[in-house]
Each structure stands twice: as structure tokens, then as C-alpha cells.
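Notes follow once the structure below has been shown.
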Amino acid sequence: MDGIFEDTATAFSLKTDSELERAYFLFKMIANQPLVKMGSLMTNFALKAKLPVEGLIRATVFDHFCGGINEEDCLPVVDRMFEKKVCSVLDYSVEGKQEEDPFDNATKTILNILDFVKKKDAIPFAVFKPTGFGRFALYKKIGEKKSLTAQETAEWQRVVNRFDTVCKKAYDLDVSLLIDGEESWMQEAADQLVEQMMVKYNKKKAIVFNTLQTYRWDRLHYLKELHTKAQQDGFKIGMKVVRGAYMEKENERAKEKGYPSPICESKLATDNNFDDTIAYMVDNLETISIFSGTHNEQSCLKLIELMSQKGVDINNQSIWFGQLYGMSDHISFNLAGKGYNVAKYLPFGPVKDVMPYLIRRAEENTSVAGQTTRELSLLKKERKRRKI
Ligand SMILES: Cc1cc2nc3c(=O)[nH]c(=O)nc-3n(C[C@H](O)[C@H](O)[C@H](O)COP(=O)(O)OP(=O)(O)OC[C@H]3O[C@@H](n4cnc5c(N)ncnc54)[C@H](O)[C@@H]3O)c2cc1C
70 MDGIFEDTAT
80 AFSLKTDSEL
90 ERAYFLFKMI
100 ANQPLVKMGS
110 LMTNFALKAK
120 LPVEGLIRAT
130 VFDHFCGGIN
140 EEDCLPVVDR
150 MFEKKVCSVL
160 DYSVEGKQEE
170 DPFDNATKTI
180 LNILDFVKKK
190 DAIPFAVFKP
200 TGFGRFALYK
210 KIGEKKSLTA
220 QETAEWQRVV
230 NRFDTVCKKA
240 YDLDVSLLID
250 GEESWMQEAA
260 DQLVEQMMVK
270 YNKKKAIVFN
280 TLQTYRWDRL
290 HYLKELHTKA
300 QQDGFKIGMK
310 VVRGAYMEKE
320 NERAKEKGYP
330 SPICESKLAT
340 DNNFDDTIAY
350 MVDNLETISI
360 FSGTHNEQSC
370 LKLIELMSQK
380 GVDINNQSIW
390 FGQLYGMSDH
400 ISFNLAGKGY
410 NVAKYLPFGP
420 VKDVMPYLIR
430 RAEENTSVAG
440 QTTRELSLLK
450 KERKRRKI
């Protein structure tokens with residue numbers, strides 16, 4: 070399988086010449102850290118000041134990283150990717166709201182997406198973020214085991230009900246549901262809640278998937294403990310495995326508050342933790358389903374190797390590879406071309422509400438310099454191949 074990711078003709082087969090040029094231009098901009106910082110500030114300001122910048126954002130960064138402003142809008146992208154056997158995960162990327170209404174609206178959106186997903190083979194999973202359904206500060210307070218006021222207890226019950234409504238519907242429709250991982254100081258409450266959902270709805274198969282962020286050194290231990298419970302109580306585990314997106318925030322908070330950082334001591338330690346976690350899961354495929362969410366080529370290759378060593382079919386439904394739309398097409402399209410299960414997160418939502426997501430993507434690509442360089446070199450190679 071060496072060299073599997075070098076095939077740029079397959080990787081960019083869906084991109085027109087002008088889309089290829091746009092991607093090249095975008096990643097060149099993203100590689101420039103001061104430009105990303107300034108661009109983020111200016112875009113936020115322009116949107117708040119209601120300046121007419123939505124069209125520009127839409128034609129550039131939005132269309133590269135997002136599928137559209139609503140589910141229907143995403144369909145052309147979903148269908149085009151599926152022609153190349155790459156599936157989609159519609160990701161309603163509206164973040165960090167505080168009021169109750171948006172939480173109920175987000176719940177309704179996910180319920181609608183579940184109906185939508187049921188009808189489309191091209192979309193095998195639905196996904197949501199815990200803080201889409203409840204206040205960050207409330208998760209944090211529960212994680213800290215502080216006592217809640219009567220009002221907060223009622224508020225939490227509404228969060229639990231939102232989780233339960235969505236997970237039950239996923240179960241009834243037989244559609245798998247990914248639940249994203251967030252900052253460690255809210256994640257404990259989310260983990261407890263997702264665990265309850267797994268106990269309830271994963272009796273026969275993994276419908277509900279939690280997320281393990283392997284930049285946290287405690288996660289493999291957590292998975293092993295959960296696995297013991299799953300074997301004792303008779304439920305299946307679904308896990309999306311990622312490295313984790315909040316490293317700087319995690320380290321800064323730990324330093325500021327004077328507790329040991331939950332983050333691995335080095336990138337290498339995170340990489341080893343990711344690969345060891347995947348290996349543990351592949352060893353236990355009868356009870357654990359894997360969604361490997363990574364743009365790291367070595368980790369993808371290691372999973373492929375493990376599958377081959379253990380005689381696991383390449384399209385075994387318990388193993389999925391996942392990347393984000395607009396990134397690492399060389400991994401997604403080449404793996405799908407060989408018959409592996411691949412799904413790309415396809416973010417959608419109104420342009421101004423998706424901005425925090427887009428800024429995070431730009432910042433992440435800026436800070437993970439190697440990844441941007443890799444995207445650029447592949448795009449360059451394909452431009453050369455097409456003689457543009
Ligand atoms: C499909 C999909 C779903 C995702 N869902 C989530 C989610 O629910 N929650 C979430 O938090 N993230 C999520 N992510 C983002 C993910 O956590 C990573 O931030 C991103 O994918 C980059 O990691 P990588 O494995 O792709 O690549 P790599 O470039 O190999 O790894 C970069 C990552 O390594 C870690 N790292 C970097 N430097 C160090 C260091 N010095 N010490 C320790 N660790 C270090 C960080 O996590 C960094 O993001 C998702 C990603 C994908 C592709």
C-alpha cells in the first residue's frame with residue numbers, strides 16, 4: 070500500500086481546474102499565520118458590522134470547507150463524492166450558543182438530518198456536538214460534581230432529554246450517530262451522558278458513537294474501563310478516534326489553574342496513543358466499532374496494515390476512515406477507491422454561524438504546518454499533471 074496517497078489524479082478527481090486553483094490559493098493564504106489572524110479578526114468584525122462580505126466568504130473559504138447553508142444545499146456535493154464512493158457526514162456546524170432556543174433548534178435539525186440520512190446511502194452517519202444541545206458551563210459544573218440549583222437541574226434534564234430523543238430516533242431508524250468531543254473540562258459530563266445512551270441503544274450494534282481525543286493521555290485507559298463495562302452489561306461501543314482540536318486551550322488552562330495538563334507530553338506520545346488505541350479497538354472488533362478521524366497518513370496506513378494482518382475485510386462495517394471536507398482528499402479518495410469505508414465531515418449552516426468553525430480550520434492548518442505543506446505539494450503536483 071506504499072504510495073497509495075500519492076495518486077493526485079484520484080485525490081482531486083472531483084475538482085475542476087478552477088476549484089483546484091482556489092484550493093491552492095486558499096492553502097497558500099492559510100500557510101501565512103499573521104494573515105490568518107488578521108483575516109479572522111477582520112471577517113468577524115465585517116460580519117458583526119453587517120458589511121456585505123458573505124458573498125466573498127461563500128465563494129472562497131466557505132465553499133471549500135462547507136457543503137452549503139442547509140441540508141438540501143449540500144446534496145450536489147454529497148452525490149458527487151458518492152460517485153467516487155466517498156460518503157458524507159452532514160455536520161451542522163453552528164457553535165457555542167447560550168440560549169435555550171438554539172439548543173431546541175439544533176435538536177430539531179439533527180432529528181431532520183436523521184430522517185434525511187435514512188434515505189441516503191451516501192450519508193451513513195449523523196453527528197452532533199454536546200454543546201449544541203446544552204450550555205458549556207452546565208456540562209462543566211456537572212463534571213466538577215458541584216451541586217446544581219433547581220433551575221439548573223431542570224435545565225440539565227432538558228439536555229438529557231435532547232440526547233435521548235436524538236439517540237432513540239437514531240436507534241429506531243438504525244442510523245449511526247457520532248457525538249463530537251470537546252474541551253476536557255466539559256467532556257466528563259458529556260461522556261457520562263453518552264455512556265448512558267450506549268447502554269440504552271447499543272445493545273445489538275454500535276448506534277451511538279462517542280469521541281476519544283488521544284492527545285489526552287488518559288483516554289486509552291478510559292476506553293479499556295468502558296470496554297469492561299460493555300462486556301459486563303452487554304452493550305457495544307462506538308468510538309470516533311481523533312487526536313483532538315483544543316490542545317492550546319487545554320495546556321493554557323492547566324497552566325493557569327495549576328493542574329497537570331491532560332495533554333500528552335509530545336506529538337510523538339499523542340501519535341503513539343492514537344495508534345495504540347486503534348490497535349486495541351481492532352483487537353476487539355466484535356464489541357467496538359471504529360471511526361478513525363484523522364488526516365495523518367501514517368495512522369491511516371497503520372490501520373490498513375492491521376486490518377490486513379488480522380484478515381479484516383477492507384469494507385468491514387465496523388471500521389470507517391473519516392476526514393474533513395476540504396482537507397486530505399488524497400487520503401479519502403484513494404482509500405475509497407481501494408474499497409475502504411470513508412466518510413467526510415461536511416459542515417453546513419448559515420455563513421455567519423459557521424465562521425467559528427472556519428476560523429478553527431484555518432488556525433489548525435496554520436499551526437499544523439506540515440499538513441498545509443503537504444496539501445500544497447499535492448495540489449502543485451496535480452496542477453503540473455493537468456498542465457495548468
Ligand atoms: C472526521 C474528523 C472528526 C473530528 N472530530 C473531532 C472531535 O469531535 N473533537 C476534536 O477535538 N477534534 C476532532 N477532529 C479534529 C482532530 O482532533 C485533529 O485536530 C485534526 O484532525 C488534526 O489531527 P490529525 O490526526 O488529523 O493530524 P496530525 O497533524 O498528525 O496531528 C495534529 C494533532 O496532534 C496533536 N498534537 C500536535 N502537537 C502536539 C504536541 N506537541 N503534544 C501533544 N499533541 C500534539 C494535536 O491534537 C493536533 O491537532 C476531527 C477530525 C476529523 C478528521
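When we follow the numbering used here, the leftmost residue of the sequence shown carries the number 70, and every step to the right adds one.
For glycine and all other residues, C-beta sits at the position ideal for the given N, C-alpha and C.
Since this is a predicted model, take the numbers as computed values, not measurements.
Endpoints, the beta strand (DSSP E) within which Asp398 is located: In the sequence shown, counting from the first residue as 1, residue 398 sits at position 329. Premise fails: Asp398 lies in the alpha helix (DSSP H), 398-406, not in any beta strand (DSSP E).
Reduced DSSP secondary structure (H/G/I, E/B, other) of Gly136: In the sequence shown, residue 136 corresponds to position 67, counting from 1. Residue state, collapsed to three classes: coil.
Endpoints, alpha helix (DSSP H) assigned at Lys273: For the purposes of this step, residue 273 is taken as the residue at position 204 of the sequence shown. Looking at the DSSP string, Lys273 is not in any alpha helix (DSSP H), and its letter there is neither H nor E.
Nonlocal neighbours in the same chain, by C-beta distance under 7 Å from Asp398, ignoring five residues either side: To locate residue 398, count along the sequence shown from 1; it is residue 329. Cβ neighbours of Asp398 beyond the five flanking positions: Ala80, Phe81.
Whole-angstrom distance between Glu251 and Pro199, CA atom to CA atom: What you label residue 199 is simply residue 130 of the sequence shown in a count that begins at 1. What you label residue 251 is simply residue 182 of the sequence shown in a count that begins at 1. Looking at the two C-alpha atoms, the distance is approximately 8 Å.
With 16 other Cβ atoms within 10 Å as the buried cut-off, status of Asp160: The residue labelled residue 160 in the question sits at position 91 within the sequence shown. With 16 or more Cβ atoms within 10 Å of its Cβ, Asp160 is classed as buried.
Beta-carbon proximity of Phe197 to Val235, cut-off 8 Å: By 1-based counting over the sequence shown, the position of residue 197 is 128. By 1-based counting over the sequence shown, the position of residue 235 is 166. A contact, by the Cβ cut-off of 8 Å.
beta-carbon Val420 near ligand 1 non-hydrogen atom, thresh 7 Å: Walking along the sequence shown from the start, residue 420 turns up at place 351. For ligand 1, not one heavy atom lies less than 7 Å from the Cβ of Val420.
Range of the contiguous alpha helix (DSSP H) that encloses Phe96: The residue you call residue 96 lines up with position 27 of the sequence shown. Where Phe96 is concerned, the enclosing alpha helix (DSSP H) stretches over 86-99.
Residue interval of the alpha helix (DSSP H) (run including Pro199): As a first step, residue 199 must be located in the sequence shown, where it is residue number 130. Start and end: 199-202.
Contact test: Leu404 Cβ vs ligand 3 heavy atom, cutoff 7 Å: Looking for ligand 3 in the displayed structure turns up nothing; the ligands present are ligand 1.
For Pro416, three-class secondary structure by DSSP: In the sequence shown, the residue the question calls residue 416 occupies position 347. Of the three classes helix, strand and coil, the one that applies to Pro416 here is strand, per DSSP.
Close Cβ partners of Thr178 (< 6 Å) along its chain, the five nearest in sequence each way excluded: The count along the sequence shown starts at 1 and reaches residue 178 at position 109. Once the five neighbours on either side are set aside, the close Cβ partners of Thr178 are Tyr161.
Residue burial classification, Leu337 (beta-carbon count within 10 angstroms, cutoff 16): Within the sequence shown, residue 337 is the residue found at index 268, counting from 1. Answer is exposed; the Cβ neighbour count stays below 16.
Unbroken alpha helix (DSSP H) run spanning Asp352, endpoints: As a position in the sequence shown, residue 352 is number 283, starting the count at 1. Here the alpha helix (DSSP H) through Asp352 covers 336-352.
Within 8 Å, strictly: CB atoms of Val263 and Thr283: In the sequence shown, the residue the question calls residue 263 occupies position 194. In the sequence shown, the residue the question calls residue 283 occupies position 214. Not a contact, by the Cβ cut-off of 8 Å.
Given 8 Å, three or more beta-carbon pairs between the region 279-296 and the region 218-227: no
Run of the alpha helix (DSSP H) containing Cys156, from where it starts to where it stops: Counted from its first residue, the sequence shown places residue 156 at position 87. Looking at the DSSP string, Cys156 is not in any alpha helix (DSSP H); the run it does join, the beta strand (DSSP E), is 156-161.
Host beta strand (DSSP E) of Trp389 (start-end): Counting from one through the sequence shown, the residue named residue 389 turns up at place 320. 388-393 is the span of the beta strand (DSSP E), which, as asked, contains Trp389.
For Asn113, the three-state DSSP class (helix, strand or coil): Reading the sequence shown from its first residue, position 44 is the one you call residue 113. Three-state DSSP puts Asn113 in a helix.
Which of helix, strand or coil DSSP assigns to Asn365: Here residue 365 refers to the residue found at position 296 of the sequence shown. Residue state, collapsed to three classes: coil.
Sufficient close CB pairs (3 or more, under 8 Å) joining the region 398-413 to the region 109-125: no
C-beta contact flag for Phe390 and Tyr409 at 8 Å: As a working mapping, residue 390 is identified with position 321 in the sequence shown. As a working mapping, residue 409 is identified with position 340 in the sequence shown. Yes. Within cutoff.
Contact belief for Thr346 with Leu281 at Cβ below 8 Å, rounded distance in angstroms: Within the sequence shown, residue 346 is the residue found at index 277, counting from 1. Within the sequence shown, residue 281 is the residue found at index 212, counting from 1. Going by Cβ atoms, the distance from Thr346 to Leu281 rounds to 6 Å, so yes, they are a contact pair.
When Ile357, Asp71, Tyr93, Pro331 are compared against Lys450, the one with the closest alpha-carbon: Translated into positions along the sequence shown, residue 450 becomes position 381. Per the Cα distances, Tyr93.
Val163 versus Asp422: straight-line alpha-carbon distance, rounded: Residue mapping note: residue 163 aligns to position 94 of the sequence shown, counting from 1. Residue mapping note: residue 422 aligns to position 353 of the sequence shown, counting from 1. Distance between the alpha carbons of Val163 and Asp422 is about 5 Å.
Secondary structure of Ser446, DSSP reduced to three states: Indexing the sequence shown from 1 puts residue 446 at position 377. Helix, per DSSP.
Euclidean distance between Cα positions of Phe205 and Ile428: Translated into positions along the sequence shown, residue 205 becomes position 136. Translated into positions along the sequence shown, residue 428 becomes position 359. Cα to Cα, Phe205 sits roughly 20 Å from Ile428.
Cβ-heavy atom distance, Asn365 to ligand 1, below 7 Å: As a working note, residue 365 is residue 296 in the sequence shown. Because some heavy atom of ligand 1 lies under 7 Å away, the Cβ of Asn365 counts as near it: yes.
Beta carbon of Glu319 nearer than 8 Å to that of Ser253: For this step, residue 319 is matched to residue 250 along the sequence shown. For this step, residue 253 is matched to residue 184 along the sequence shown. Going by C-beta atoms, Glu319 is nearer than 8 Å to Ser253.
Through-space distance from Thr77 to Lys214, alpha-carbon basis: As a working note, residue 214 is residue 145 in the sequence shown. As a working note, residue 77 is residue 8 in the sequence shown. When rounded, the distance between both Cα atoms is 51 Å.
Asn230, DSSP secondary structure in three states: Here residue 230 refers to the residue found at position 161 of the sequence shown. Of the three classes helix, strand and coil, the one that applies to Asn230 here is helix, per DSSP.
Continuous beta strand (DSSP E) stretch holding Lys309: start and end: Counted from its first residue, the sequence shown places residue 309 at position 240. From DSSP, the beta strand (DSSP E) with Lys309 extends over 306-311.
Sequence-distant residues of the same chain with beta carbon closer than 7 Å to Val155, five excluded per side: Position 86 of the sequence shown, counted from the start, is the residue given in the question as residue 155. Contacts found: Ser401, Phe402, Ala405, Val411, Lys413.
Cβ-Cβ distance between Ser157 and Ile192 below 8 Å: On the sequence shown, residue 157 is found 88 positions in, with the first residue counted as 1. On the sequence shown, residue 192 is found 123 positions in, with the first residue counted as 1. A contact, by the Cβ cut-off of 8 Å.
Near ligand 1: Val163 beta-carbon under 7 Å from a heavy atom: Against the sequence shown, residue 163 aligns to sequence position 94. It does not: the Cβ of Val163 is nowhere closer than 7 Å to a heavy atom of ligand 1.
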